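Number of protein chains: 4
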Amino acid sequence: MSSSYGENIKINIFGQSHSPAIGVTVEGIPGGKVIDMDRLSEFMRRRAPGQNEYSTPRKEKDIPDFISGIVGNTTCGVPLTALIYNTDTRSKDYSELKIKPRPGHADYTAEVRYNGAQDFAGGGHFSGRLTAPLCIAGGIVKQLLEAEGIEVRARIYSIAGVRDQGDFTETLDKKPFPTVSDAQGELMRQRIAEARADGDSVGGIVECIVDHIPAGLGDPMFGGMENRISSIVFGIPAVKGIEFGIGFEAAELTGSQNNDPFDIENGRVVTVGNNAGGIAGGITNGMPIVFRVAFKPTPSIGKEQQTVDLTKMEKTVLRVHGRHDPCIVPRAVPCVEAAAAIAVYDALLGYKKGLD
Amino acid sequence: MSSSYGENIKINIFGQSHSPAIGVTVEGIPGGKVIDMDRLSEFMRRRAPGQNEYSTPRKEKDIPDFISGIVGNTTCGVPLTALIYNTDTRSKDYSELKIKPRPGHADYTAEVRYNGAQDFAGGGHFSGRLTAPLCIAGGIVKQLLEAEGIEVRARIYSIAGVRDQGDFTETLDKKPFPTVSDAQGELMRQRIAEARADGDSVGGIVECIVDHIPAGLGDPMFGGMENRISSIVFGIPAVKGIEFGIGFEAAELTGSQNNDPFDIENGRVVTVGNNAGGIAGGITNGMPIVFRVAFKPTPSIGKEQQTVDLTKMEKTVLRVHGRHDPCIVPRAVPCVEAAAAIAVYDALLGYKKGLD
Amino acid sequence: MSSSYGENIKINIFGQSHSPAIGVTVEGIPGGKVIDMDRLSEFMRRRAPGQNEYSTPRKEKDIPDFISGIVGNTTCGVPLTALIYNTDTRSKDYSELKIKPRPGHADYTAEVRYNGAQDFAGGGHFSGRLTAPLCIAGGIVKQLLEAEGIEVRARIYSIAGVRDQGDFTETLDKKPFPTVSDAQGELMRQRIAEARADGDSVGGIVECIVDHIPAGLGDPMFGGMENRISSIVFGIPAVKGIEFGIGFEAAELTGSQNNDPFDIENGRVVTVGNNAGGIAGGITNGMPIVFRVAFKPTPSIGKEQQTVDLTKMEKTVLRVHGRHDPCIVPRAVPCVEAAAAIAVYDALLGYKKGLD
Amino acid sequence: MSSSYGENIKINIFGQSHSPAIGVTVEGIPGGKVIDMDRLSEFMRRRAPGQNEYSTPRKEKDIPDFISGIVGNTTCGVPLTALIYNTDTRSKDYSELKIKPRPGHADYTAEVRYNGAQDFAGGGHFSGRLTAPLCIAGGIVKQLLEAEGIEVRARIYSIAGVRDQGDFTETLDKKPFPTVSDAQGELMRQRIAEARADGDSVGGIVECIVDHIPAGLGDPMFGGMENRISSIVFGIPAVKGIEFGIGFEAAELTGSQNNDPFDIENGRVVTVGNNAGGIAGGITNGMPIVFRVAFKPTPSIGKEQQTVDLTKMEKTVLRVHGRHDPCIVPRAVPCVEAAAAIAVYDALLGYKKGLD
């Protein structure tokens, strides 16, 4: 319908930017799984605001409060619900938005969708803040995948056209600015700083790899891994595109260039190259899943923008106050990992259920 | 699970390339809708093989045989099922594939997924032939959308790196090679002809526009229009990427460049420009939905390719015989329209159901 | 939505009584399962019309025609679709029903539901004939359950108030009139014969047992085995009630009478008695699942009945012609088995999917 | 999967008897609906414990704390989540249950289901306490139905074999012991008091009527109103049977007795009598939906019971301490109303969504 995802595990996200709390319910995690809460907190911290100069000054600790489904640190099999209380809310910042919708935001579309009853404060349910509960679910599931030997890692692939360099062969989760090349990362930071100084914002691309994944996951047609991953990833605000393997570049190649030849390596089937991003016919082939996600620049900018007054139905101008990130890409990296982890774990549960 | 899609209407596709028939069941079409069968046939013909020199020589008429849900030409409200019988099947072409999987195809992944029982003939359920039932459902739904004033049109945006030119403002459904610019279309055809002469294939990009769509369709998060459209579009074989509005290009812009300012036009809210592709927060804003889909080159090529022998677990070579298209992009155009129509109609039914 | 059921396997039933065919698509059966087609035919025969003097004279062979998902007799993992062609249709019998709805039938409700476009011929999608595709799916799944050691068996528990006698400890699938006590069965047949002679019909109760089922199947709340079984069983036309274990009788007992004490038998946990019908908290406890299903008398009767003329909006009378069973309970027995088998197999797949 | 229900609105219940909180998320309520919080509190009070001498002495106020989806008293369209904090928990009462499962409870089945990690305290997710969030969702939806003119009312139909008398034509929601006949109600209370004095418990039947409901709601087969209602009602703990209209009694009648003749009343189609309980072919016919639900006696009794020691795998005895109701039927009445309201509203949203 909207805020739920999955068939073998189901996540259900609720809350608005300025409601008392935001949260997530996860159904389908088997009983008896031990969650490492310290590692979950570390994961949450990668997404939390206020970590560095590039993110919103809004202060939120983003510590999950588990209210069901866990006894101590062990899952008990029934729906797991965790909340994050909203503490640093300043709703007065947003009073104007019902009349003058912000360009690039969901103010106008949500107002139409919800019969004029949208909760505008902080963007309501459409706020990037709602990726925090996604990261709770994803952070837990990442641990479950790691217990199966599967690693999900993401990086900043580009910001404002500046591309990362080097092979992305291991996790960058300890880096506050997760690029392989620190030099390229420094260039990206400069672009962000420039945008911020200019009252503007920049976009970028996140790349994600799911490594050591078995062959045979996913289903044909609408149950393929691309379908599953894209349908959760577009749930992250500001995502406008996704591509698997070499993606759009494949459209310019010939079949002989694009096909990944098969080979045998250490007694197992592999492909030479991975243009397919580890997926054929929607199903994993045992090579790493690779995909990239395009994030538009943060729509909240300090510059004056043209909008309309919905009461007078006439053109007007707006200057967005409130707090926001000049570039959300660094904080989006764990969100993409979370989304990928959930999609992959859901498929993995499906893969294991056959009575064979 | 796999071969079904939708929440307010549900489509369920079945069949293999060489099974007695392929087909689709559609649930949720209201009773009393009159289907124009001639227009449906025209739509099906745009996808059918054997139309021109660029498509597989396999001869299939692709005429839907309705076995339920329709009385005369009028829907009766219950599940609508239509079949297409497979007539021109030559299964002997495919006997080698269980041992030597074709690079770029689902032979290997399906064999793992289905415990060694995959139906290899013609690619089984993974064949592009399964887009025919998608087009039955989509062709019907397109008519239902048109009755609501909504138009879905797609074009060839590029093939082998050659881009179409000109504004895509009206349907090209009468053109056998649907580009705005015939000159660019001619260049694309040359690239296809060259690839075919070389025993190779080429990929391309399809662009789709959903025009005259009301504001307010879609849901937040995982129910957004991008999620809904991408999760059906990746069900078309060979799709490796999707982007909405300016998509990946947005990642290189600033917020002030990318945000679409609001304006009033003829008493209704519009945006100046449409970088967002008609969607904000997952919900339509009343501007046309615009998206592009990357298709990889047809994996079936005449050239010798490296693969493995799964019985001996060693490297070997393969030359794919059988019949195939040197470029599937022209035939993919109606498939993308079909997928978009289904996703949009599904959201539209959801939009109408509120008790307001 | 309507005609589909299941989360781990999904069945999707389509067709009308007089459409060219009726059928079912089953998704989620693992690849490589061998179906015994003779046994499936035997199962189908138990439901087929025209077997004896108590069923409709309509002649239909009810032989499934598999059009996808099976290669030879082996499932290939993708959606399995089977059709039954309608051959002995006489649509003229039903022309009056759009104006004068038959009491006890869905003529009126379907006409309202489908905007006046309901397919009246033979009851359309609401016909008991649609239990044939249910039995295709159920007959296959019963075989899959038997391979897991689980037996599903049903019997006539009562007809027209005459109750069967004796313990129901083994399958009665070879009996054309499946009661434990042949003497009681004979009494029931007399009641049916009397009703038929009188142009009337009678109802009855079917009891179903799922034996040798493991403990731990099902989920809490809305995913319990009672929920799962009831939500498919009410899909069989004419069902008006269901109870598990001792069911309604439990409402008259005390807790100390009704609770099943635990015991150990051959090293495994059992209960003394099975008032609970093998289910506690929605989850199987390892004892047989036991439930009973109430079928109303066939609404089609030869007697003149009061109805309304929907064009004139006034009272009138109707005499139903057409062909029908004076008691559908004997033929409902395999339908209940089919429904139970599907519900249980669906839960069993869910049970096996945990990554433990 | 388990703790979620619905297709047009979705409810998702979480929490354990002794977890920090229990709660519910409801998706699909349109934006702009005003909730009367006083009436919701009244509704919740009908289910709350500690109201009279027949219910558990556990003290819980059961006041919903809304954390999302509502601004003031008005829904904003996005997922609505409400919590009830568990305050009066005494987990020491339950320490023995992991070893000695209580007869009639889900202790044993949940332990198997959740790999030995079940949360035993107070019955965990299987506790009757989880009907409180069901009543939050149902209490809200009841108000939405009333705005459409639809009334949902339930009564105690029988307890311990003592049946209520009189026509159930209007709501009894002001009565603490909702029977039509106060005299019969008094008899029922005596049975409860006797059972309690004896350290025992009694069961009963709840009858529910959905009045002033339009014709045409529901879908065929597995989407019928009986399927929809039963699949939520069995989510209430202790339910072992359900019947619609005259239900099991219909199995003993002839067709001419059971069929409800049509008639015209005030220009609208009605039936003479309502044996069908307002449903034909799964779809409402405009007459009131009527159904009855059998509740087993509370499994928690004060008497010593036979159980097993799961560590020693031998027979033993158990005396259940803790707090419990000698009869849960009075408190189940609003729960059945809640379940029915949710099922009906879900179908009503589906009914309104057709584009006709």
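Going down the list, the protein sequences come from chains A, B, C and D. When we follow our numbering, the leftmost residue of the first sequence carries the number 1, and every step to the right adds one. When we follow our numbering, the leftmost residue of the second sequence carries the number 357, and every step to the right adds one. When we follow our numbering, the leftmost residue of the third sequence carries the number 713, and every step to the right adds one. When we follow our numbering, the leftmost residue of the fourth sequence carries the number 1069, and every step to the right adds one. A virtual CB, placed ideally from N, CA and C, is assigned to each residue, including glycine. Every value quoted in this text rests on a predicted model; they were computed, and no experiment measured them.
Quiz item: For chain D, is any of its Cβ atoms less than 8 Å away from the one on residue 125 of chain A?
Solution: yes
Exercise. Please name the residues in the segment 199-233 of chain A whose beta-carbon is closer than 8 Å to at least one beta-carbon of chain C, in chain order.
Key: 220
Quiz prompt | N-terminal and C-terminal residue of the alpha helix (DSSP H) that residue 24 of chain A is part of | solution = Not the alpha helix (DSSP H): residue 24 of chain A falls in the beta strand (DSSP E), residues 21-27.
Self-check item: Local conformation of residue 527 of chain B per DSSP, three classes
Solution: coil
Quiz item: Under three-state DSSP, which class holds residue 892 of chain C?
Solution: coil
Quiz item: So, residue 376 of chain B versus residue 779 of chain C, is the Cβ gap smaller than 8 Å?
Solution: yes
Quiz item: Three or more C-beta pairs closer than 8 Å, one from the segment 181-195 of chain A and one from the segment 225-244 of chain A: is that the case here?
Solution: no
Self-check item: 8 Å Cβ cutoff, residue 646 of chain B in contact with chain D
Solution: no
Quiz item: Are there three or more Cβ pairs, one per stretch, closer than 8 Å when the segment 1013-1029 of chain C is compared with the segment 812-820 of chain C?
Solution: yes
Practice problem: Check whether the Cβ atoms of residue 365 of chain B and residue 707 of chain B lie closer than 8 Å to each other. | Solution: no
Practice problem: Determine the direct distance from the alpha carbon of residue 782 of chain C to that of residue 964 of chain C, and round the result to whole angstroms. | Solution: 50 Å
Quiz item: Under 8 Å between C-beta atoms, does residue 1146 of chain D make it to chain B?
Solution: yes
Quiz item: With 8 Å set as the bound, which would you pick, yes or no: does the beta-carbon of residue 1075 of chain D sit closer than that to a beta-carbon of chain B?
Solution: yes
Quiz prompt | contact_flag[the segment 669-677 of chain B, the segment 478-491 of chain B] where n(CB pairs < 8 Å) is 3 or more | solution = no
Quiz item: Is DSSP giving residue 1388 of chain D helix, strand or coil here?
Solution: coil
Quiz prompt | Whole-angstrom C-beta distance between residue 30 of chain A and residue 1183 of chain D, which should lie under 8 Å | solution = 6 Å
Quiz prompt | Inter-residue Cα distance where the pair is residue 1229 of chain D and residue 1213 of chain D | solution = 33 Å
Exercise. Using the Cα positions of residue 753 of chain C and residue 775 of chain C, report the straight-line distance between them to the nearest angstrom.
Key: 7 Å
Quiz item: Should residue 1193 of chain D be labelled buried (16 or more other beta-carbon atoms within 10 Å of its own) or exposed?
Solution: buried
Practice problem: Kindly indicate which residue of C:717, C:824 and C:840 has the alpha-carbon position closest to the one of residue 730 of chain C. | Solution: C:840
Quiz item: Listed in chain order, which residues of the segment 21-33 of chain A have Cβ atoms closer than 9 Å to some Cβ of chain D?
Solution: 21, 22, 23, 25, 27, 28, 30, 31, 32 and 33
Exercise. Assign residue 219 of chain A to one of three DSSP states: helix, strand, or coil.
Key: coil
Quiz prompt | CB contact below 8 Å: residue 1142 of chain D versus chain A | solution = yes
Quiz prompt | 8 Å contact criterion, which residue 77 of chain A and residue 1189 of chain D should meet: CB distance rounded | solution = That belief does not hold up - the Cβ atoms of residue 77 of chain A and residue 1189 of chain D are roughly 14 Å apart, past 8 Å.
Quiz item: If we ignore side chains and look at the alpha-carbon of each, how far apart do residue 15 of chain A and residue 523 of chain B end up?
Solution: 42 Å
Quiz item: Is residue 1132 of chain D near the ligand NAD, judged by its Cβ being under 7 Å from some heavy atom?
Solution: In the structure shown, the ligand NAD is absent, as is every other ligand, since no ligand is present at all.
Quiz item: What span of residues does the alpha helix (DSSP H) with residue 1082 of chain D cover, start to end?
Solution: Segment 1078-1083 is the beta strand (DSSP E) holding residue 1082 of chain D; no alpha helix (DSSP H) there.
Quiz prompt | residue 863 of chain C - containing beta strand (DSSP E), residue span | solution = 863-871
Quiz item: Using a beta-carbon distance below 8 Å, is residue 1232 of chain D in contact with chain A?
Solution: no
Self-check item: Near-chain C residues of the segment 1170-1186 of chain D (beta-carbon distance less than 7 Å), N- to C-terminal order
Solution: 1171, 1172, 1173, 1174, 1176, 1177, 1178, 1180, 1181 and 1183
Quiz item: In chain D, what lies closer than 8 Å to residue 960 of chain C by C-beta?
Solution: 1273, 1308, 1309, 1311, 1316 and 1362
Quiz prompt | Neighbourhood of residue 1283 of chain D by C-beta distance below 8 Å, restricted to the same chain and skipping five residues each side | solution = 1337, 1351, 1352, 1353 and 1354
Self-check item: Within chain B, partners of residue 313 of chain A - CB distance below 9 Å
Solution: 620, 623, 624 and 625
Self-check item: Endpoints, the alpha helix (DSSP H) within which residue 592 of chain B is located
Solution: Here residue 592 of chain B belongs to no alpha helix (DSSP H), and DSSP marks it neither H nor E.
Exercise. Could you tell me the distance, in whole angstroms, from the CA atom of residue 1015 of chain C to the CA atom of residue 1009 of chain C?
Key: 14 Å
Practice problem: List the DSSP bridge partners of residue 1231 of chain D. | Solution: D:1226
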